[in-house]
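S.K.: One structure follows; several queries about it will come next.
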Amino acid sequence: QRSSLNDYHRSKGVRLQGPTDWPQEEPFSEEECASQCTRILQCRAFNYNLQSKQCKLLYWTSREQGTQRHRHNHIDLYEKKDYMQECIMDRGFAYRGRVSKTKSGKLCQKWTSSVPHEHRNTPADFPEKGLDLNYCRNPDNHENGPWCYTTDWNTRLEDCGIARCDQDVCLLCNGEDYNGFVDRTESGRECQRWDLSYPHSHKYQPEKYAEKNLDDNYCRNPDGSLRPWCYTVDPNVEREYCNIRKCAGQHKLKELEITKPCFKHNGVGYRGTVAQTSASNTCQRWDQQHPHAHEFTPENYPCKGLDENYCRNPDGSEAPWCFTTDEGIRTAFCFQLQRCDDDIEPEDCYTGNGTKYRGFVSKTRKGIPCQRWNSNTPHQPRVTPTTHPNAGLRENYCRNPDGDSHGPWCYTTNPKVQWDYCAIRTCEGHAKPTNKEDPELVTFDSCGRREDREISNKKSR
Amino acid sequence: MIGGRPGNSPWTVSLRNREGTHFCGGSLVSRNWIISTKQCFSSCYTEHRGYEAWMGTVLKNPMPNDPEKQAIPIQNVVCGPKGSNLIMLELERPATLNARVALICLPPQGYIVPEATTCEIAGWGETQGTGDDNVLNILSVPVMSNKKCNQHYRSHVPETEMCAGTLERGAGACERDYGGPLACFTHECWVLEGVIIPGRGCGRARQPGIFVRVAVFVDWIKKVMAL
């Protein structure tokens, strides 16, 4: 049940423009399009329009000169994996990468040339073997992998020493950062694409887990397993681990900030010594299997700081957690842990609620630069110098045109954060005034009413 | 919920992570917006794609084809003012209001709920053997003044928070109830006066529950929905 898309690398929302166009677009499904491109030797990629269901085959991949990638909401680009990878699977017969030097550094001879070495492996005779320019290839499926004739008169041919994909990128820790190209499990089964739900339907859709690099059908570790794995194309085997080389030396997680008295983000880097959950359950030691047996041992997860029985987050949950010593409660969060303050240092102060603030701070409490009040991008403001002419809405300075009781604010230049409060505090000795509404004047219309099922049941009885 | 009992709270929503597991509660304040606590979320600025709000059912694990259940993806989160511990979650599409899904009212800005007002908290959190973990549980709790509450918390409860609960052991919010509502009945309507935040332990003696005092942040809530 393998999909023909398995041979392709997908770039979502990208349209590739090449120097010459394929004659026409045709209506196909993505998979039919992939099958057709696979059948045609000259086809290296295709654009698929999700709206019109049109398929446009391409002579090029985005690695070729003269091509341009454009953002496009409805078009995905699929490129043959063989042209995108600089490592080999098996003996590298399908290798279509761009290495053109041998392992000793000699420049390769063009396959079309017979100087300095005459040979019979010409592109004209073997168009299916991908003998492009002077790139290393393995037209005879030699056990040493891709090779080439060299431009050195004294060396007819030499191996290129291209790494195998399972050796090329090694695993750090339990491979949660792995983004290599292995697409086979340890038993040799081909992996199912993460963006497909057959033969196995699953929850790891790439759109949902954007930060997990669930590309194509490569082995990945989105769930904090022992090592990278994938769903397989074998309907009888749902998922298997992949066999990928572990890196030598000390393992540590990339770009992980270690914190102790508090935790940041979801607390994967928390290394404090709290050993109780927010429900006051005592944590079980990570190196023990009682009362709860588990795989989160310090040996299995050397980079996750699984010391003693401290709250930790080895699997990327919402917050640090632990197994508890209570037999009836397997795991519990340590939500009571303090979050580290991630606000930047305030640069100025304001009095009252800041409506009279006319200072020059122009960034939010998280450090995002403010959008100019008279600009319409990235946010279309409702509060402008025209709507609030007396509010001092100059440049992109923080202001409080609407009398917000939490202080000056601004629209931000981050498209995902419309507005936020600014990096300004209340001045020493000035308390924030509290806004109060007269409760008698507040009316509720359609909220806060419910059908009391218990009472209606009693009535019906 | 320690010491609660099964009940109906149509504005209480279950927040689900990308695995579909319930991890915190929330309150529906408009068809597009939910209020919860920031402590349930890893960050205000990361992707929350795949997270959902479930409503319309009192069961923690309803059948996948439950016709009453509304599972709506969260498309955006907005963190509250400094010190508020609040987060607002924008829904990808509006919730459909019916007998099982309803909005809770917001209190007047700055309103202080009188001491001894009986309110209720709701959630699908742990019961620690005091009830059924698989259904929404509700517990009635009397409001306690901050002055009295601070006698038990060494003056650590600021004016932006409020207390409710009894001093006896065995009743209160617990793990996975956080973010849910403290709702008080005023003028014939249920009003969201507090948001459940994590304390130390669940249902401990002489430790009333602590909640974010929503009335302090109503202007922010309305502004987020309006802008």
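So the protein sequences, as listed, match chains D and F. At position 274 of the first sequence the residue is numbered 627 (this note's numbering), and the sequence of numbers has no breaks. At position 49 of the second sequence the residue is numbered 493 (this note's numbering), and the sequence of numbers has no breaks. Think of the CB as a built atom: it goes at the ideal place given N, C-alpha and C, for glycine as much as any other residue.
Does the beta-carbon of Lys504/F have 16 or more other beta-carbons within 10 angstroms, so that it is buried, or is it exposed?
M.R.: Buried is the call here.
S.K.: Closer than 6 Å by C-beta to Ala659/F: which residues in its own chain qualify, once you throw out the five before and the five after it? Chain order, please.
M.R.: Within the same chain, Ala659/F has close Cβ partners Pro551, Gly554, Tyr555.
S.K.: For chain D, find out if any of its Cβ atoms is closer than 8 Å to the Cβ of Ala608/F; answer yes or no.
M.R.: So no, Ala608/F is outside the interface.
S.K.: Report the start-end ranges of each beta strand (DSSP E) in the region 457 to 515 of chain F that is 3 residues or longer and not cut off at the edges.
M.R.: Counting whole runs of 3 or more residues, the region 457 to 515 of chain F contains the beta strand (DSSP E) stretches 466 to 472, 477 to 481, 496 to 499.
S.K.: Cα separation between Ala608/F and Ser599/F?
M.R.: Rounded to the nearest angstrom, the two C-alpha atoms are 15 Å apart.
S.K.: Going by other Cβ atoms of all chains shown within 10 Å of its Cβ, with 16 needed for buried, is Pro734/D buried or exposed?
M.R.: Buried: at least 16 other Cβ atoms inside 10 Å.
S.K.: Is the CB-CB distance between Asn788/D and Asp663/F below 8 Å?
M.R.: Contact flag set, yes.
S.K.: Could you tell me whether the Cβ of Lys667/F comes closer than 8 Å to any Cβ of chain D?
M.R.: It does: the Cβ of Lys667/F has a partner Cβ on chain D nearer than 8 Å.
S.K.: Note the first and the last residue of the continuous alpha helix (DSSP H) segment covering Ala670/F.
M.R.: Here the alpha helix (DSSP H) through Ala670/F covers 662 to 670.
S.K.: Taking C-beta to C-beta, are Asn596/D and Gly528/D nearer than 8 Å?
M.R.: No, Cβ-Cβ distance for Asn596/D and Gly528/D is not below 8 Å.
S.K.: Apart from the five residues just before and just after Pro540/F, which ones in its own chain have a Cβ nearer than 7 Å to its Cβ?
M.R.: Checking the displayed sequence, the identity of residue 540/F turns out to be Thr instead of Pro. Cβ neighbours of Thr540/F beyond the five flanking positions: Gln514.
S.K.: Output needed for Arg648/F: all residues of its chain with C-beta closer than 8 Å, excluding positions within five of it in sequence on either side, in chain order.
M.R.: If we look at Arg648/F and ignore the five residues flanking it on each side, its Cβ neighbours are Arg613, Gly616.
S.K.: Do Cys615/D and Cys687/D have their CB atoms nearer than 8 Å?
M.R.: Not closer than 8 Å, so no.
S.K.: Starting from Asp621/F, follow the beta strand (DSSP E) in both directions and report where the run begins and ends.
M.R.: No beta strand (DSSP E) holds Asp621/F; DSSP gives it neither H nor E.
S.K.: Per DSSP, what kind of secondary structure is Ala563/D in: helix, strand or coil?
M.R.: Here Ala563/D sits in helix by DSSP.
S.K.: So, under 8 Å CB-CB, Thr561/F and Leu530/F are touching, yes? Tell me the CB distance rounded to an integer number of Å.
M.R.: Actually they do not touch by this definition, with Cβ atoms about 21 Å apart.
S.K.: I'd like the list of long-range same chain contacts for Thr536/F, defined as Cβ closer than 8 Å, with 5 residues on each side in sequence excluded.
M.R.: Looking at the sequence itself, residue 536/F is Glu, so the reference to Thr does not match. The residues are Ile516, Pro517, Ile518, Gln519.
S.K.: How is the beta strand (DSSP E) around Met532/F delimited, first residue to last?
M.R.: Start and end: 530 to 535.
S.K.: Using the rule of at least 16 other Cβ atoms within 10 Å of the residue's Cβ for burial, across every protein chain shown, is Met507/F buried or exposed?
M.R.: Exposed: under 16 other Cβ atoms inside 10 Å.
S.K.: What in chain D is Cβ-close to Ser487/F, meaning under 9 Å?
M.R.: Correct list: Lys617, His618, Asn619, Asp695.
S.K.: Would Pro480/D be called buried (16 or more neighbouring beta carbons within 10 Å of its own) or exposed?
M.R.: Pro480/D comes out exposed.
S.K.: What would DSSP say about Phe686/D, mapped onto helix, strand or coil?
M.R.: Strand, per DSSP.
S.K.: Using a Cβ-Cβ cut-off of less than 9 Å, give me the residues of the region 612 to 642 of chain F that come near chain D, in sequence order.
M.R.: The residues in question are Cys618, Glu619, Arg620, Tyr622, Ala627, Phe629, Thr630, His631, Glu632, Cys633, Trp634, Val635, Leu636, Ile641, Pro642.
S.K.: How should Arg424/D be labelled, buried or exposed, when 16 other C-beta atoms within 10 angstroms of its C-beta is the threshold for buried?
M.R.: Counting Cβ neighbours within 10 Å, Arg424/D comes out exposed, since fewer than 16 surround it.
S.K.: Give the residues of chain F in contact with Tyr882/D, contact being defined as C-beta atoms less than 8 Å apart.
M.R.: Because chain D here runs from 354 to 814, residue 882/D falls outside it and cannot be looked at.
S.K.: Taking only beta-carbon positions, decide if Gly500/F is within less than 8 Å of chain D.
M.R.: No, because no Cβ of chain D sits closer than 8 Å to the Cβ of Gly500/F.
S.K.: I want to know whether the region 371 to 381 of chain D touches the region 395 to 413 of chain D - three or more CB-CB distances under 8 Å.
M.R.: Contact between the region 371 to 381 of chain D and the region 395 to 413 of chain D is present, because at least three Cβ pairs lie under 8 Å.
S.K.: For Asp374/D, which residues in the same chain have their Cβ closer than 6 Å to its Cβ, ignoring the five residues on either side in sequence?
M.R.: Excluding sequence neighbours, Asp374/D sits near nothing in its chain.
S.K.: Look up Arg613/F in the DSSP assignment and give the residues it is bridged to.
M.R.: DSSP output for Arg613/F lists no bridge partner at all.
S.K.: Determine whether the Cβ of Ala406/F lies closer than 8 Å to any Cβ atom of chain D.
M.R.: Summary: the structure shown does not reach residue 406/F, with chain F confined to residues 445 through 671, and so no result is reported for it.
S.K.: Curious, which full-length beta strand (DSSP E) runs of at least 3 residues does the region 662 to 716 of chain D contain?
M.R.: Listed in chain order, they are 674 to 676, 684 to 686, 701 to 703.
S.K.: For Arg509/D, name the three-state secondary structure that DSSP assigns.
M.R.: In this structure, Arg509/D counts as coil in the three-state DSSP scheme.
S.K.: Is it true that the CB of Cys484/F sits closer than 8 Å to the CB of Phe467/F?
M.R.: Cβ atoms of Phe467/F and Cys484/F: closer than 8 Å.
S.K.: For chain D, find out if any of its Cβ atoms is closer than 8 Å to the Cβ of Ala649/F; answer yes or no.
M.R.: Not an interface residue.
S.K.: Select from Ser554/D, Glu661/D, Val468/D the residue whose C-alpha is nearest the C-alpha of Gln354/D.
M.R.: It is Ser554/D whose Cα lies nearest to the Cα of Gln354/D.
S.K.: At a Cβ threshold of 8 Å, is Glu781/D touching chain F?
M.R.: No, because no Cβ of chain F sits closer than 8 Å to the Cβ of Glu781/D.
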